[in-house]
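Down below is the structure, laid out as structure tokens.
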Amino acid sequence: MIAAYYQFSPKTGKAGQNIASVLKAVEKNDFDLLVLPELCTTGYGLTQEESRQWSEPVPDGPTTKAFLDYSRSRQCTIVWGMAEREGCHVYNSAVLVHKGYYLGKYRKIHLFLNEKDIFTPGNLPFTVWEVEGVKIGLMICFDWAFPEAARTLGARGAQVIAHPSNLVLPLCQKAMPIRALENRIFTITANRCGRERGLSFTGKSLICAPDGSVLSRASKQAAFGYAVLDPREALNKSLTPRNSVFEDRRPSFYL
Ligand code: ACM
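Here our numbering = 1-based position in the sequence shown + 1097.
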């Protein structure tokens, strides 16, 4: 499986332009799974008013339709982050589509800083979808700081975690190899880069393997990156012949 990310600097409030520039940038690249950054169609630093104005229903909005169409034409899987509107709520969501079919969405559970003024906290469980025999889980950006997020996805069978991000701190890039190692899974963190409304994003998107190694790492510039993965490696949860990172858990001693 070729797993890829596209790191770029979205234009605030220009969903159509952002989608067109992503699709143009990845056009000549091969991939089975493409992961894009958090809020990659609207930009990140939104006001409450803008988040209401620029959010869309999922899957019934134009952004989901555009990615559905592209995933059908390229026969691939795409995960991206966007502002989702449902009734009076706006969620910071990630969406999964495969070969023209909508598979599902995740709403960010751990909101970061001022996101707490803009978005409703996620109300959907950490979910794993099976895509052509490979189990894919979703989490978003700051979820990295809560090991329970990746742990829950790992416990639910995820072999690959797609992780749309808009990181302003340089810490997640240090943590993700550990999230991958402690759950023996692959992770694809698609960060954004550039500046927006006084915020500077840290780039350095990365793909990690179940042994904690980094298979691809971007710089701070716009970049397409990929790795060829064998998701079956994520089925082996052993650290030693007598230690499994899941079977050896002792939940009665944990919080
Ligand atoms: C973040 O969760 N966007 C830092």
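The beta-carbon is built from N, C-alpha and C at its ideal position, and this holds for glycine as well.
Starting from I1175, trace the beta strand (DSSP E) both ways and give me its first and last residue. T1174 to E1183
DSSP-derived helix/strand/coil call for A1319: coil
I'd like to confirm the pairing. Which residues does DSSP put opposite C1305 in its beta bridges? C1305 is bridged to T1284 and V1311.
Any heavy atom of the ligand ACM closer than 7 Å to the beta-carbon of N1263? yes
E1212 versus W1226, K1121 and D1240, residue with shortest Cα-Cα distance: D1240
So, are the CB atoms of P1307 and A1277 less than 8 Å apart? yes
Does any heavy atom of the ligand ACM sit closer than 7 Å to the C-beta of E1227? No, the Cβ of E1227 stays beyond 7 Å of every heavy atom of the ligand ACM.
Give me whichever residues DSSP pairs with L1235 in a beta bridge. A1259
Quick test of your reading: T1224 and Y1203, contact by CB under 8 Å. State the CB separation rounded to the nearest angstrom. 6 Å between Cβ atoms; contact.
Between the Cα of A1319 and those of S1168, L1336, G1251 and P1107, spot the shortest distance and give me the residue it belongs to. Ranking S1168, L1336, G1251 and P1107 by Cα distance to A1319 puts P1107 first.
State buried or exposed for N1340, treating a residue as buried only when at least 16 other CB atoms are found within 10 Å of its CB. Its Cβ having fewer than 16 others within 10 Å, N1340 is exposed.
Taking the alpha-carbon positions, what's the I1282 to L1312 distance? 13 Å
DSSP state of S1170 mapped onto helix, strand, coil: helix
CA-CA distance, A1252 and D1129? If you draw a straight line from the Cα of A1252 to the Cα of D1129, it comes to about 24 Å.
With distance defined between alpha-carbon atoms, name the residue in V1325, S1316 and R1289 nearest to C1305. V1325
Unbroken beta strand (DSSP E) run spanning I1099, endpoints: First-last of the beta strand (DSSP E) with I1099: I1099 to Q1104.
Please name the residue, chosen from S1118, G1178, A1163 and S1297, that lies closest to A1259 on a Cα-to-Cα basis. G1178
Around the Cβ of I1153, are there at least 16 other Cβ atoms within 10 angstroms (buried) or fewer (exposed)? Per the sequence shown, the amino acid found at residue 1153 is Glu instead of Ile. Buried is the call here.
Could you spell out where the beta strand (DSSP E) holding V1194 opens and where it closes? H1186 to H1195
Assuming F1298 and A1122 form a contact by the criterion Cβ under 8 Å, report the distance between their Cβ atoms to the nearest whole angstrom. Not a contact, Cβ separation roughly 17 Å.
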